[in-house]
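To keep things clear, I will list the structure first and then write my remarks on it.
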Ligand code: NOJ
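Residue numbers (our numbering): 20 to 581.
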């Protein structure tokens with residue numbers, strides 16, 4: 020346990036800066052607001068925060084369209100405000116990890132403005148420019164957000180490539196000047212003391228050299244209207260993702276980061292374990308997205324996921340689990356069943372904090388924030404959703420109401436609403452009367468807010484605090500090896516975490532059903548000392564050859580040897 024690095028032991032908490040805390044009452048979150056809430060995070064018990072982009076941006080992809088890599092968006096404050104936040108976070112032993120978007124810039128970044136100014140501009144080759152073919156784009160590649168991945172620049176007559184929105188032109192990473200400019204930005208923040216980066220969209224950094232056409236099953240517009248499964252999607256994007264060169268690039272970035280003291284960390288927004296490299300020469304952490312890519316988190320799914328994931332990791336690589344972020348439906352909404360949501364939310368947290376690997380939590384899940392379904396098109400802030408609405412209505416002829424309902428149910432806005440701090444109008448995020456950048460979910464007034472839950476010992480917030488404390492105080496839950504138990508149980512998920520080199524082993528049992536379960540473990544050890552249960556258990560010693568679980572019960576216990 021003591022040999023583990025800080026990022027192996029830490030629990031990370033993702034802050035969505037625009038929605039966390041509004042310090043200057045303009046309806047948008049900012050650094051003064053975030054700084055004022057650091058004590059809340061300290062009390063919650065998280066060790067590190069990952070901030071979604073805080074840079075200057077026209078905000079067409081909610082900040083993932085950066086127009087200055089070494090600045091702070093004016094709506095979030097100043098560089099001084101950032102430094103103050105960093106310093107105050109570090110005072111509280113909270114590390115700070117920033118978002119780094121390497122694949123593309125904003126179309127308003129000075130680099131792109133120069134690059135698109137004329138064919139001979141020295142920065143022309145900083146982006147991916149190509150001539151069209153047969154009066155159209157260079158090929159039929161699709162953007163992850165919209166129709167064609169190519170946009171014609173009328174001024175110079177060429178097309179530029181964008182894996183995401185047309186306002187997010189892809190950088191040409193084959194150009195060494197691009198790399199140098201971006202590494203300077205990386206050093207800027209590392210010199211200031213940030214603890215690492217979450218790397219956005221690394222899979223799309225390089226494209227297939229020969230620009231081969233895809234065999235598209237549908238038109239790019241039609242593709243927006245169907246949900247592709249993972250393998251269909253991978254097939255569709257095969258010339259646009261995971262191209263040669265990426266591993267060298269990741270190794271180079273790792274080398275740069277490793278020049279700094281303090282074990283700075285790189286977290287990849289990609290689930291491909293190949294980005295661990297040999298286990299110690301590319302990214303430190305790579306999200307286990309397959310765990311969350313399911314309608315229902317069943318014991319069977321989790322067990323199968325762990326078996327594959329842990330076996331696939333290269334030696335020395337460390338797992339990383341998450342159930343939600345700013346791109347997905349909220350954990351509460353996605354995995355709730357409408358009847359036992361509160362119990363399920365507890366189970367899901369227990370799962371995150373007891374599986375082997377670094378857990379990432381998403382702001383607001385600790386108070387049970389749920390998705391907000393917006394009322395009308397004008398409330399949408401997610402440009403990818405606005406674009407889909409346009410394609411549905413204008414190109415596919417869908418009735419507006421049907422198109423909006425589809426978009427509202429899937430827009431990323433639903434999980435990005437302002438944090439619910441208290442019971443006041445605007446939920447204490449902004450003062451009453453201020454128009455917040457996205458509407459506040461009205462359920463803040465029904466107890467889904469931090470202040471109400473703070474004083475309630477049975478609240479979800481206090482459950483989070485208790486579980487985080489338990490994890491912190493139980494080394495086997497942090498560093499222990501994982502071993503699945505009773506592999507055929509459909510209703511409960513049970514496993515051991517054994518701390519190598521010690522006699523400490525934890526048993527974790529999570530009952531995912533609304534029924535009691537009689538569980539028999541066939542272990543050499545027959546007894547365990549109870550460390551935690553969310554039920555009122557009288558006994559402190561559990562008999563493992565006959566353990567009765569209550570519906571949705573969570574049991575964490577330490578095996579008693581001998
Ligand atoms: C992944 C980010 O999480 C998402 O929010 C963003 O839109 C895309 N990358 C493009 O940067």
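For glycine and all other residues, C-beta sits at the position ideal for the given N, C-alpha and C.
Check	Outcome
Which two residues bound the contiguous alpha helix (DSSP H) that contains residue 439?	Counting along the chain, residue 439 falls outside any alpha helix (DSSP H), and DSSP gives it neither H nor E.
When you get a sec, list the residues whose CB is within less than 5 Å of any heavy atom of ligand 1, chain order please.	80, 83, 183, 219, 220, 346
What's the gap between the Cα of residue 271 and the Cα of residue 222?	16 Å
Do you know offhand how far residue 75's Cα is from residue 542's?	57 Å
My output table needs one value for residue 18: the three-state DSSP class, helix, strand or coil.	A query on residue 18 cannot be resolved here, the shown segment of the chain reaching from 20 to 581 and no further.
In three-state terms, what does DSSP make of residue 378?	strand
In chain order, what residues of the same chain lie with their CB nearer than 6 Å to the CB of residue 572, ignoring the 5 residues before and after it?	530, 554
Would residue 551 and residue 489 be called neighbours here (beta carbons separated by less than 7 Å)?	yes
Could you pull out every residue in the same chain whose Cβ sits closer than 6 Å to the Cβ of residue 127, ignoring the five residues on either side in sequence?	77, 86
Exposed or buried, residue 110, counting other C-beta atoms within 10 Å across all chains shown (16 or more means buried)?	exposed
Over the uninterrupted beta strand (DSSP E) stretch that includes residue 160, give me the two end residues.	Segment: none, residue 160 is in no beta strand (DSSP E) and carries neither H nor E.
Is residue 112 buried or exposed, if buried means 16 or more other CB atoms sit within 10 Å of its CB?	exposed
So residue 130 is in the beta strand (DSSP E); what residue range does that whole segment cover?	From DSSP, residue 130 is part of no beta strand (DSSP E) but of the alpha helix (DSSP H) over 129-134.
Which of the three DSSP states, helix, strand or coil, is assigned to residue 480?	helix
If you reduce the DSSP assignment to three classes, tell me which class residue 50 lands in.	helix
What does a CB cutoff of less than 6 Å around residue 311 pick up in its chain, not counting 5 residues either side in sequence?	342
If you measure between the beta carbons of residue 157 and residue 98, is that distance less than 7 Å?	no
CB-CB under 6 Å to residue 503, same chain, minus the five flanking residues each way: which ones, in chain order?	322, 514
From residue 283 to residue 273, what does the alpha carbon distance come to, in whole angstroms?	9 Å
Would you call the CB atoms of residue 209 and residue 279 closer than 7 Å?	yes
Using a threshold of 7 Å, state whether the C-beta atoms of residue 73 and residue 91 are closer than that.	yes
Across the stretch 399-410 and the stretch 373-385, are there enough close Cβ pairs to call them in contact, namely three or more that are closer than 8 Å?	no
Is the beta carbon of residue 226 closer than 7 Å to that of residue 259?	yes
Assuming residue 552 is part of the beta strand (DSSP E), what are its boundary residues?	546-552
Helix, strand or coil for residue 498, going by three-state DSSP, please let me know.	helix
Pick helix, strand or coil for residue 250, following the three-state DSSP scheme.	helix
So, for residue 61: in the same chain, excluding its five sequence neighbours on each side, which residues have a beta-carbon less than 6 Å away from its beta-carbon?	111
Take residue 444 as the anchor and find which of 131, 106, 463, 186 has the nearest alpha-carbon.	463
Near residue 48, which residues of its chain fall below 7 Å by C-beta distance, leaving aside the five closest residues on each side in sequence?	36, 37, 38, 39, 40, 41
Hey, which unbroken runs of the beta strand (DSSP E) at 3 residues or more fall wholly within the stretch 139-192?	169-172, 177-180
Please state the DSSP three-state secondary structure of residue 453.	coil
Residues in the same chain with beta-carbon distance under 8 Å from residue 442, minus the five sequence neighbours each way, listed in chain order, please.	463, 464, 468, 470, 471
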